[in-house]
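Sequential numbering from 21 applies to the sequence shown in my numbering.
All residues carry an ideal CB built from backbone N, CA and C; glycine is no exception.
Notes follow the structure.
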Amino acid sequence: MNVESEFEASERFERGDGVFEVVGSDWEASVVPGEDEYRVRVEVPTLDAVVEGEVGETVSEGWFETFSLRVEDVGGVTYAELTAEPVVVREGGRVTVEAEVEAREGSVADDALAVVNYVEGTWFEGIVPGYEYVAEVQEMREQAHQRAEDTPL
């Protein structure tokens, strides 16, 4: 199995310098391929970075702690095994999540996208009501609301 060729064959990935960038993700996401595994990296903003105005320290810390605990479950979104525990690092206004995933032949790109979608979805679920958000996040919220209205029950 050639991990790189599976990413090259997917329209959702573009080759960069030693990485494959995810096309169409909400935030920055990339994959570093290895021989039998690959590392998925997703960068999302902290709550403070997307709120207009102040966020209290207790809310900010609670948000990060909850987000970190929830993304630890990223291994459950695919049949692929994680080769190490996910790593979550907060630096400035960014949170970086990295997960090393064992490559499953024929499913490499789909498994990587599942990890990216899980991290981004977990971030989105962590939006705290009652704050005014920057335009980019507000647009994402409005799109989600419209999609929910268009979904038949």
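Residue range of the beta strand (DSSP E) that residue i falls in?
i	result
Tyr138	First-last for Tyr138: Val128 to Glu145, but that is the alpha helix (DSSP H), not the beta strand (DSSP E).
Val42	Phe40 to Val42
Got a sec, what are the start and stop residues for the alpha helix (DSSP H) residue i sits in?
i	result
Ala175	Nothing about residue 175 can be read from this structure; the chain reaches only from 21 to 173.
Glu31	No alpha helix (DSSP H) contains Glu31, which DSSP labels as neither H nor E.
Looking at the structure shown, is residue i part of a helix, part of a strand, or coil, going by DSSP?
i	result
Ala155	helix
Glu105	coil
Arg90	helix
Glu81	helix
Glu57	strand
Glu74	coil
Exposed or buried, which one is residue i when buried takes at least 16 other CB atoms within 10 Å?
i	result
Val89	A small correction: the amino acid at residue 89 is Leu; Val does not occupy that position in the sequence shown. Classification of Leu89: exposed, given that the 10 Å Cβ count is below 16.
Val109	exposed
Asp56	exposed
Val107	exposed
Pro149	exposed
Glu105	exposed
Ala119	buried
Asp131	buried
What are the partner residues of residue i, as DSSP defines its beta bridges?
i	result
Ala49	Val62
Thr116	Glu63 and Val109
For residue i, which residues of its own chain have a beta-carbon under 6 angstroms away from its beta-carbon, when the five flanking residues on both sides are left out?
i	result
Ala49	Val42, Val62 and Val136
Glu122	Glu57, Ala100, Glu101 and Thr103
Val64	Trp47, Val115 and Trp143
Take residue i and list the residues in its own chain whose beta-carbon comes closer than 8 angstroms to its own, dropping the five residues that flank it on each side.
i	result
Tyr153	Val70, Val71, Glu72, Ile147 and Arg161
Ser80	Thr66, Leu67 and Asp68
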